[in-house]
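Participant: Structure provided below as structure tokens; questions to follow.
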């Protein structure tokens, strides 16, 4: 019989070294930063792609939807396959989407790139908290999760 979630040890798989909380904050902040960083350039994108503002705003909408849906999938995937491989795949997906967005010649390809970015950008948010819970005691993980969340907000 398995132990209840509240009584289980901090890590039941293998002893792990606690990751740097700063690194977890940075990884968790990648998604929200990428969300906000392109907003000031939207008027410029409208001019560069010769399109209407509503189409440019789709880059933001698609990114948000991709992040929301991706979090629902990445959590269970990290439970099944491990935190590290899923986090690395998410970060690679985010980087690929970022490179694709950088060189996107049309607004449609930019929207597609933002979709890929959003799918990967959610990895830090979803998995960062799980890593904290795996590596720290129940009492300590509450304050560590607060730091990670603070990094996403700031």
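Residue numbers (our numbering): 31 to 184. Each residue gets a CB set at the ideal place from its N, CA and C atoms; glycine is no exception. Because the structure is a prediction, the values reported are computed rather than measured.
(1) Relative to the alpha-carbon of residue 68, which residue among 90, 105, 115 and 175 has its alpha-carbon at the smallest distance?
(2) Does the beta-carbon distance from residue 127 to residue 153 come in below 8 Å?
(3) Distance, Cα to Cα, residue 138 vs residue 95?
(4) For residue 155, would you say it is in contact with chain D, using Cβ-to-Cβ distances shorter than 8 Å as the test?
(5) Are there three or more Cβ pairs, one per stretch, closer than 8 Å when the region 160-168 is compared with the region 60-74?
(6) In three-state DSSP terms, what is residue 78?
(7) To the nearest angstrom, how far is it from the Cα of residue 169 to the Cα of residue 176?
(8) Hey, out of 74, 73, 140 and 60, whose CA is closest to residue 92's CA?
(9) Counting beta carbon pairs with one atom in the region 72-86 and one in the region 54-61, are three or more of them shorter than 8 Å?
(10) Between which two residues does the alpha helix (DSSP H) carrying residue 119 extend?
(11) Taking its Cβ as the centre, do 16 or more other Cβ atoms sit within 10 Å of residue 156, making it buried, or is it exposed?
(12) Taking the alpha helix (DSSP H) that residue 68 belongs to, which residues open and close that run?
(13) Can you tell which of 101, 134, 72 and 74 has the C-alpha that lies nearest to the C-alpha of residue 149?
(14) So what's residue 171 in DSSP terms, helix, strand or just coil?
(15) Given a threshold of 16 other Cβ atoms within 10 Å of its Cβ, counted over all protein chains shown, does residue 151 qualify as buried or as exposed?
Facilitator: Once the coordinates are examined:
(1) Looking from the CA of residue 68, the closest CA among 90, 105, 115 and 175 belongs to 90.
(2) Result no, Cβ atoms of residue 127 and residue 153 do not sit closer than 8 Å.
(3) Here the C-alpha atom of residue 138 lies approximately 16 Å from the C-alpha atom of residue 95.
(4) Protein chain content of the structure displayed is limited to a single chain, and chain D is not contained in it.
(5) By the criterion of at least three beta-carbon pairs nearer than 8 Å, the region 160-168 is not in contact with the region 60-74.
(6) In this structure, residue 78 counts as helix in the three-state DSSP scheme.
(7) Each residue's Cα considered, the two are about 12 Å apart.
(8) The shortest C-alpha separation from residue 92 is found at 140.
(9) Short answer: they don't touch.
(10) Where residue 119 is concerned, the enclosing alpha helix (DSSP H) stretches over 113-132.
(11) Around the C-beta of residue 156, 16 or more other C-beta atoms lie within 10 Å, and the residue is accordingly described as buried.
(12) Per DSSP, residue 68 belongs to no alpha helix (DSSP H) and is neither H nor E.
(13) Nearest C-alpha to residue 149 among 101, 134, 72 and 74: 101.
(14) Here residue 171 sits in helix by DSSP.
(15) Answer is buried; the Cβ neighbour count reaches 16.
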